[in-house]
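Residue numbers (the working numbering): 20 to 165.
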Amino acid sequence: AVCNSNPTPCKDPPDKLFTVHGLWPSDSNRNDPKYCQAPPYQTMKILEPQLAIIWPNVLNRNDHEAFWRKQWDKHGSCASAPIQNQTHYFDTVIKMYTTRKQNVSEILSKANIKPGRKSRRLVDIENAIRNVINNMTPKFKCQKNT
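See the structure below:
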């Protein structure tokens, strides 16, 4: 979606995975708070190899850290209560992605939904995900390209 809605060409990974774009907290009204007060972003060398695969900067593969900093400042800073700090925020994303129940690439692949420029019905994507997350409804933000 990011690649299709952005004028900057994406640098697709060779293995064509669905990757994380963000972990966005929402409140009880399903609103997404942004730019809350939290300690500033700090480099996380130990998590970077995993994050570069599952949460890459698809617009600039040479600067993942700028993307992660933006995600922390905009969204992670508002995840307090369940999320304790920046390391916990990024580690949560890694754990969500690498466990079978929340690896979206694996879930969609099993439903024969693979990355590419083919249009998909939202209900098919939603049902594939719902089937493995206890019938909970995933939250989607759709973008139209022209």
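The beta carbon of each residue, even a glycine, is placed where N, CA and C say it ideally should be.
Only counting the same chain, and skipping five residues up and downstream in sequence, which positions put a Cβ closer than 6 Å to that of residue i?
i: R88; result: Y60
i: P52; result: C97
Output needed for residue i: all residues of its chain with C-beta closer than 7 Å, excluding positions within five of it in sequence on either side, in chain order.
i: I63; result: For the sequence presented, residue 63 should be read as Met rather than Ile. So the list reads T106, F109, once near-sequence residues are dropped.
i: V39; result: I73, W74, V112, Y116
i: W91; result: Y60, Q105, Y108
i: D46; result: P52
Under the assumption that residue i contacts residue j (Cβ atoms under 8 Å), give the Cβ distance between them as a whole number of angstroms.
i: V172; j: L36; result: Nothing about residue 172 can be reported from this structure: the residues present for the chain run from 20 to 165 only.
i: P58; j: C97; result: Between C97 and P58 the Cβ distance is about 13 Å, and since that is not below 8 Å, they are no contact.
i: R139; j: I132; result: 6 Å
i: L70; j: H83; result: 7 Å
Would you mind working out which of the options sits nearest residue i, comparing C-alpha positions?
i: I152; options: P68, Y116, R49, A100; result: Y116
i: V123; options: K137, E145, R139, S138; result: E145
i: N76; options: A147, C29, Q103, K114; result: C29
i: K93; options: Y54, F159, T27; result: Y54
i: F159; options: R49, N131, Q90; result: R49
i: N25; options: N79, L70, D51; result: N79
i: M155; options: K137, S128, Q121, P134; result: Q121
For residue i, which residues of its own chain have a beta-carbon under 8 Å away from its beta-carbon, when the five flanking residues on both sides are left out?
i: S99; result: C55, A57
i: V21; result: C29, H40, V77, L78
i: I102; result: P44, G95, Y108, T111
i: D143; result: A130, I132
Are the C-beta of residue i and some C-beta of chain D separated by less than 8 Å?
i: S138; result: No chain D appears in this structure, which consists of one protein chain only.
What are the complete alpha helix (DSSP H) segments, minimum 4 residues, inside the region 90-161? Secondary structure in the region 90-161: the alpha helix (DSSP H) runs of 4 residues or longer, each lying completely within the stretch, are 105-117, 123-129, 141-149 in chain order.
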